[in-house]
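Numbering (my numbering), first residue to last: 2 to 181.
Idealized CB from N, CA, C, for every residue including glycine.
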């Protein structure tokens, strides 16, 4: 049970989000091979927003049961690490609301890398039931992932590298903070 949160204080009324899968991959870079590095993540929000009073959400939410699981991923040119950072990607569609994620460069790191030492920022938005209040309710949560800490993996002699969440860190919990 491990968690690293880099945003403001977590919402004490919510269960943390759960990452059940996280993998990164880099190709060898040899001629004729793929030139794309990849990250794939599966995240679940275990919270049920259909009963807002305990969550103190005065506007209510337009959902029946919003516990959702989304798959998130993107690829970047393996020889251009900078292109992996600072752009928001949409995760797979979910029945209620939406998920996005963004990779951020790890601060205070001697060797930041989108493969082995990085921060992921997830955002979850859920529609409101009230038409008087515009826009969805949203939460954000950040977590740092580091090989040797909560990830493991290896690079082969051919140069192919693959890393993933350690079994003992699965699920990995991310505390979220409500926006606005």
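N-terminal and C-terminal residue of the beta strand (DSSP E) that residue i is part of
i: residue 153; result: 152 to 156
i: residue 73; result: 69 to 78
i: residue 174; result: 173 to 175
i: residue 124; result: 118 to 127
i: residue 41; result: 37 to 46
Nearest neighbour of residue i, chosen from the options [CA to CA]
i: residue 41; options: 109, 160, 138, 164; result: 164
i: residue 178; options: 29, 143, 95, 72; result: 143
i: residue 90; options: 127, 48, 72; result: 72
i: residue 168; options: 153, 86, 82; result: 153
i: residue 111; options: 148, 122, 172, 162; result: 148
i: residue 47; options: 125, 159, 74; result: 125
i: residue 114; options: 96, 129, 82; result: 82
i: residue 1; options: 24, 118, 28, 181; result: The structure shown has nothing for residue 1, since the chain only spans 2 to 181.
i: residue 17; options: 27, 93, 74, 68; result: 68
i: residue 70; options: 86, 107, 44; result: 44
i: residue 166; options: 151, 174, 155, 158; result: 151
i: residue 107; options: 145, 49, 136, 26; result: 145
i: residue 25; options: 15, 13, 75, 32; result: 75
i: residue 120; options: 88, 79, 93, 128; result: 88
i: residue 95; options: 137, 29, 127, 155; result: 127
i: residue 49; options: 80, 29, 14, 21; result: 14
i: residue 176; options: 118, 84, 28, 141; result: 141
According to DSSP, residues forming a beta bridge with residue i
i: residue 91; result: 101
i: residue 16; result: BP columns for residue 16 are empty, so no partner.
i: residue 164; result: 25, 154
i: residue 139; result: 126, 180
i: residue 144; result: 121
i: residue 106; result: 119
i: residue 114; result: 118
Problem - Three CB pairs or more closer than 8 Å across the region 20 to 38 and the region 101 to 110 - result: no
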